[in-house]
Structure formats: structure tokens, C-alpha cells
Amino acid sequence: MTMRDYHSNNVRNVVVLGHAGSGKSSVVQAMLKKIGKVDRIVSAESGQSMVDFEPQEVKRNQSIYTALVPIEWEGKKINFIDTPGYLDFMAEMISGYSVGDNALIVVDAKEGVDIGTRTAFNWIQRDLKPTIFFVNKMDDPEVSFHETYNELREAFGNSVIAFEIPIRENGTAIGSINLLSKKVWYYGKPETPFDVPEEYQALVSQHWEEICEAVAMTDDGLMESYFENGDMSEADILKGVSLGVRSGDIRPVYCGSAMNSVGIRRLLDLITEYLPSYGEKETVSGHTHKGEPVTLKTTEDEKMSAQVFKTIVDPFVGRISYLKVMSGVLSSDSVVTNVNQDEQERVGSLYSIQGKHQLGVGKLFTGDIGAVAKLSVTHTFETLAAKDLDIIYDTPTLPQALLGVAIWPSAKKDEDKLSQSLAKVIEEEIGARSETNPETNELILYGLGDQHLDIMVRKLKDKYGVDVTITVPEIAYRETIRKKSTGEGRHKKQSGGAGQFGHVFVDFEPFDTDEMVFEEKVFGGAVPRQYFPAVEQGLREAMVKGILAGYKVVGVKATLTDGKYHEVDSKEIAFKQAARLAYLDGMPKANPILLEPIVELKVHVPDSYTGAVIGDLNKRRGIIMGMDAENETDQCITAEVPLVEVSRYLSELRSISQGRGTYEQKFLRYDAAPEHIAQAVIQRRKKDDE
């Protein structure tokens, strides 16, 4: 398995996007079959797939991770970056998208335009990424290409243009008509072109006119020629399509069947003919450590720079970093700089990644994608560069990991390994994060959905031998007081020898602060100064556990006003204990209340779902703060909601919005919990304590 070197002008990086189940991996496998790398197209669960080969992908029969599949075609190298389609794996999708200079959006002919298609289009439209649509599963007798095509045009506009349409006999697709060549390819004779049958001539003319009009819009000279002649030459069409695809004015639609390898050859031809190479960018931009812009040429004679876009942590091999060479040439056995961290890295072995296979190479040239093993400090989205080059490439924006579970080691042996193993899992799963909540003492793992969380928990067990149990994270409520009170604490202990004595009076009052504020206003030496720190420490330790439900106490000022001491028996420990007793005496009289955390949500949804989302937020005790139009079709709803009401909001928003809603969340403040909520929490805590 060898592959020759390709320079930037012959490399095309194509990210494969689309909804889960549309057949993205099958399309890539069909291309591998076309070039003889595989002899059949298989499912993930077969365990034989070149594309979906990770243990969890095999087990679940779905794509979970981005896979890199290079295809050599007509003297060009096409790096296909196959991405998952489920929303739970959005971060993996974004990492693959970040290195694709072009996009192939696969659409299921039976399902039409769904959330995965819309998400992909929104991205490519935002970034003006040259794009081809492939309407898959045309071998299904129940599907209609033109229904799907019209749905695409209605959703995404007239830049979406058919370049190939199916030809049917008795309701079944038997071949397809290529509108550029005006030739038919029958499935039974895939290598031989035929003339278009009479009954399809009018339809072909209609689509030809669509192409000509779109081509005319790409160039003033072509527009003039079209209006003069009423038609276009093949050379004009080729020129116009090339310009239009690059500008985003033309997004060709092809059709076929990946499972039956139909339409794959012409799709590969279209990609090599019309999608731009990496070298055509001419320049690539980043910034220095100080934020100053830097521009490099996308050629092999430029200084070397590369960006890591994916990290695999292998328990045996160590870290494997997938990267894209942005400029220059990356050589094995060289020393480069991790510019983000200003650290030297030794590049040992370089690999060309081909699905589940790794092929050792000596160099990676501009625009190409490969991997390097055992980098010591480099993480995903960091920049590697020649020693004297100061450039950092932008990090793509990842969705916020908001769905959390508390994880607990199942046994002592798991406890020892959990922290280190979890760090390795999160290094691979860039959309995840973990934190220890100091108030609840829970280790919480956050992910992009239930599937994402489940995969990480299983990876801990299968890859690192760490067994964990999961629970719903506890909400970190807090407690405070509403009025002023005085507490008395008297500690006396006599048990032979020296005794213990401390006696204090402490005023407690509401105060705008997170941590307790301590003061002393003791007159006449009733409590000697050397015991003030012990009183303060005793109070602070007591405030960790409120009297209502055992939550941290905030918003309190405690003032030591009076007390008594004994010249022999008084000690720091006695005054510390007296302070605790004063706390237990005074706080119940100060009208204690429970506080709940309030978060701000910014919910992004299409117009048609705003009513349902606002109604649902109201049911969650949310206060709608505003609604702003984000574009022609989407709104951003800002709301303040108690955290307890939105702990599972990710799954519920997806259900309400049919997968089209997203949101961000940030902590705002603590507010008084309603009485019925407070009582329920207090009773639950009492029950737990019992």
C-alpha cells in the first residue's frame, strides 16, 4: 500500500457532511471500491470497514469519529474527511470540517433535507466553501430525485443546481443522465455513454438552461455571450462552472447509489475537475503571539506550518496527532515549535492515514493531511511551525458541553486510575470537559449528549480498565439569612487535669458577600484578642454546612460582641467550639432560606420553534429577557432559568426543535428558592442523611 507524493496544486481536501444515516461512509467506501482498495461496501458492525472501525463504531453500527480516507484519482489526491452525523458528535464533525477546503454533502433521497443537511449548508454558506451535493440511495424505487432536488433548492436557493438526473423505467432508476455531457449511463453498463432518450429531451433542456443561467452569472463575458447566442459552448460551461463552484454561486447536485457504486466515477471526476486544490488558496492567514496578522504562501517553498485537528491517545503507542500542513514541508525526524506553548517538539515518524491503516512517509507537503506519533506537549488545534516562525492558526468554535453526569470509581483500584484515564479520554473527545464541584465533591463529566457521555464512560472501561458508576449531578444550592439575630455559644469541658472553656456571643446579619465577613466588637477584654482567630475559624468551618439542608452559607456578616474566658482553661479549641455552638444557636433565629443557582440561556432556534421554546422555558420557571433575530430565519431567545430546571435541557430542546435548536449557558447568580422547592430539597437531604 504505497502512495506517491502530491504537492499542493494536486491535493483536494473534501469534508463529507450530512445527516446520520445518509450514507456518508458508504459513499467513501464506494470510492475505495472504485479504485480497487476494497472489494465490497460493508457496515460498521461487520468490523471490516475501512472508515468506521473504532470499537464503539462497530458496536453501535454508526460513525462516531472523523476518518481520513485519501483517494488517488486522475493524477490528483483527494483527502476525504468522513465525519459523523449525530449531534452528539458535533465537535468531531467540526474538527474534520476545519481541515476541509471543500465539502461533499450527502443527502438521503428518502429523507430529503433534514437537520444534518441544514447544519452542513449553514456552515459551508458561512465560510463560502466550494460544495457538491450527492443525493444518495437512488436505487430505492420509492424515492423521487426531483422531490429531493426541489426541496434542496427551496431550502438553500438557486445556487443548488442539478448536474445529473436519474433515468427510470417502470418506476425504477436504471441509469442517470449527465447534464453537462448530455449522455446517459445505465447501471448495467457503467462504462458506456448512450444518447438521451427522446422522452427525456425536454427535461434535459430545462436543466441545461438552469446551468447556463447560473454559469452566465459568474462572469460578464459569459453573460454577454449567453444573451447573444442563447446557448453556451462546452468551453464556456467548463469555465463558468469552475468559477461558480469556487465562488459558491454554483453548488452542483449529483445522484446515485453508494451501496451499488452508481454515480461514483462521475462524482470523482467532478471533484477533481471543479473543486479547487489547496494550492489555489495562494495564501493562508494566522496571527502572532501578540495577535498581529501573519500571511503565508500555500506552497512547498514557504516556511513550514501545520495545525493539529484531531488527537488519538493509544494506551500502547501514546499520542497520535492528525494534522494538516498549512505551508511548506513537514519532514520526519525534524524539530519544530509548538507555537501556542512556545515549546520544541521532535517530529519522529510521519504517517499518511488511510482509514484504519497508517502508512509511514518521509514528508508531508503543503495542503496534505497526515499524522505524527508521540508529540509530547501538543494538543488538538495547536500550531506547529518552523523554529523561527511565529504563527498561530485560529481554533474553531466548539459547542459548549452542557449535559453532565457525576462519575464515581466503582472500586479502589479504579479510584487510583480515574483522574489520569479521564484526562486521556477528554484529550480525544474535544467536545467534553470535566470538573470537580467543590461544594458537592462530585467529579462531573460534561458531554454533547447522552450518546457522547455513554461512549466516554465505555471508553474508560474498555480502553483503560476503569469502571465507573454514574449519577445525576447534585445541584449546589446555598443558604443565607434574611434578618439579624444573636447566637450564644458556651463550651465547657472538665475531665481531670486542664479543662476547656470558651463563651461567646455572635451577631449574625445579612451582608452582600459570598464568603462570611467576620468582625469583632468586644469591649473590656471579655474575650482576649488571641482567641479572635479561633472564633473566626470556628464560624467559617460551621458556615460550610447550613442548618436547613447542609449547603454552604453565603451572604452573612458575623460579629463577635461579647463572651467570657477562664485564665487557665480557655484555649483556642474551646473558643472554636463555642463559635460553632453560637452558629447553631443564632442562625435558626435569623430567618434562614435556601438559594438556588440561576443561569442565563441563549437559545438559538428557527422562527417556527420560538413559541414552543418560550412556552417550555416558562414552564421551567424561566424569565424571558429578550429575543433577537440572528438572520432571516433564526432567533436567539435569552432567558434566566433556575439551573435545576434545565439540567437535562439539551435533550429536551432537541426534542422540541427537531434537533435544530442549540444553546449556551452561563451562571448568573443565586436567588431565593420558592418555598415548595426549598421544602422538597430540605426533605430530600434529611432523608439522605438518615
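Under the working numbering, the very last position in the sequence shown is 1450; numbers go up by exactly one each time.
Even for Gly, the Cβ is constructed at its ideal location relative to N, Cα and C.
All values derive from a computational prediction rather than experimental measurement.
Supposed close pair residue i, residue j - CB separation, criterion 8 Å
i, j, result
"Gly-856", "Ile-875", "Gly-856 to Ile-875, Cβ: 18 Å. No contact."
"Tyr-1369", "Gly-1306", "The pair is not a contact, with the Cβ atoms about 40 Å apart (cut-off 8 Å)."
"Pro-1036", "Pro-890", "6 Å"
"Lys-1173", "Tyr-1224", "With a Cβ gap of about 12 Å, Lys-1173 and Tyr-1224 do not count as contacting."
"Phe-905", "Cys-1015", "5 Å"
"Asp-1210", "Leu-1163", "7 Å"
"Leu-939", "Trp-968", "6 Å"
"Glu-1360", "Leu-1413", "Actually they are not in contact, since the Cβ atoms of Glu-1360 and Leu-1413 sit about 15 Å apart, beyond 8 Å."
"Val-1089", "Glu-1060", "5 Å"
"Val-1044", "Leu-1056", "6 Å"
"Ile-854", "Pro-1053", "The Cβ separation is near 23 Å, so there is no contact."
"Leu-1354", "Ala-1438", "4 Å"
"Val-1264", "Leu-1203", "That belief does not hold up - the Cβ atoms of Val-1264 and Leu-1203 are roughly 38 Å apart, past 8 Å."
"Ser-1245", "Gly-1346", "5 Å"
"Ile-1374", "Ile-1384", "6 Å"
"Val-774", "Asn-862", "5 Å"
"Gly-1004", "Thr-978", "4 Å"
"Val-1228", "Leu-1178", "7 Å"
Counted within 10 angstroms of its Cβ, other Cβ atoms place residue i as buried (16 or more) or exposed
i, result
"Asp-868", "buried"
"Leu-847", "buried"
"Thr-1240", "buried"
"Val-1095", "exposed"
"Ile-925", "buried"
"Glu-1142", "buried"
"Lys-949", "exposed"
"Leu-1344", "exposed"
"Leu-888", "exposed"
"Met-898", "buried"
"Gly-807", "exposed"
"Val-1328", "exposed"
"Phe-954", "exposed"
"Gln-816", "buried"
"Gln-1418", "exposed"
"Gln-1395", "buried"
"Arg-1238", "buried"
"Ser-785", "buried"
One or two residues paired with residue i in a DSSP bridge
i, result
"Val-866", "Phe-894"
"Thr-1246", "Asp-1267"
"Arg-1429", "Ile-1358"
"Glu-1103", "Asn-1098"
"Gly-1262", "His-1251"
"Met-1387", "Ile-1397"
"Tyr-1111", "Gly-1120 and Ala-1131"
"Phe-1278", "Ala-1318"
"Gly-1323", "Val-1264"
"Thr-1043", "Lys-1057"
"Glu-1424", "Lys-1362"
Delimiting residues of the beta strand (DSSP E) encompassing residue i
i, result
"Ile-1235", "Where Ile-1235 is concerned, there is no enclosing beta strand (DSSP E), given that its DSSP letter is neither H nor E."
"Arg-1079", "1078-1087"
"Lys-1331", "Where Lys-1331 is concerned, there is no enclosing beta strand (DSSP E), given that its DSSP letter is neither H nor E."
"Gln-1297", "Run containing Gln-1297: none in the beta strand (DSSP E); it sits in the alpha helix (DSSP H), 1292-1303."
"Ser-1194", "1193-1197"
"Val-1121", "1117-1121"
"Lys-836", "836-842"
"Thr-1143", "1143-1145"
"Ile-1167", "1163-1169"
"Val-920", "920-922"
"Met-827", "The residue you asked about is not Met; residue 827 is Ala in the sequence shown. Looking at the DSSP string, the run of the beta strand (DSSP E) that includes Ala-827 is 827-833."
Range of the contiguous alpha helix (DSSP H) that encloses residue i
i, result
"Met-791", "784-794"
"Ser-1179", "1172-1188"
"Gln-885", "875-887"
"Lys-949", "Here Lys-949 belongs to no alpha helix (DSSP H); instead the beta strand (DSSP E) covers 949-955."
"His-1436", "1435-1449"
"Ser-806", "Run containing Ser-806: none; DSSP gives neither H nor E here."
"His-779", "Where His-779 is concerned, there is no enclosing alpha helix (DSSP H), given that its DSSP letter is neither H nor E."
"Lys-1070", "Segment 1065-1074 is the beta strand (DSSP E) holding Lys-1070; no alpha helix (DSSP H) there."
"Leu-1056", "Run containing Leu-1056: none in the alpha helix (DSSP H); it sits in the beta strand (DSSP E), 1053-1057."
"Thr-1126", "Per DSSP, Thr-1126 belongs to no alpha helix (DSSP H) and is neither H nor E."
"Ser-855", "850-858"
"Arg-1289", "Looking at the DSSP string, Arg-1289 is not in any alpha helix (DSSP H), and its letter there is neither H nor E."
"Arg-1381", "Counting along the chain, Arg-1381 falls outside any alpha helix (DSSP H), and DSSP gives it neither H nor E."
My parser needs the beta strand (DSSP E) runs of 3 or more residues fully inside the segment 1207-1231; what are they? 1228-1231
Please go through the segment 930-992 and give each complete beta strand (DSSP E) segment of 3 or more residues, from N-terminal end onward. 932-938, 943-946 and 949-955
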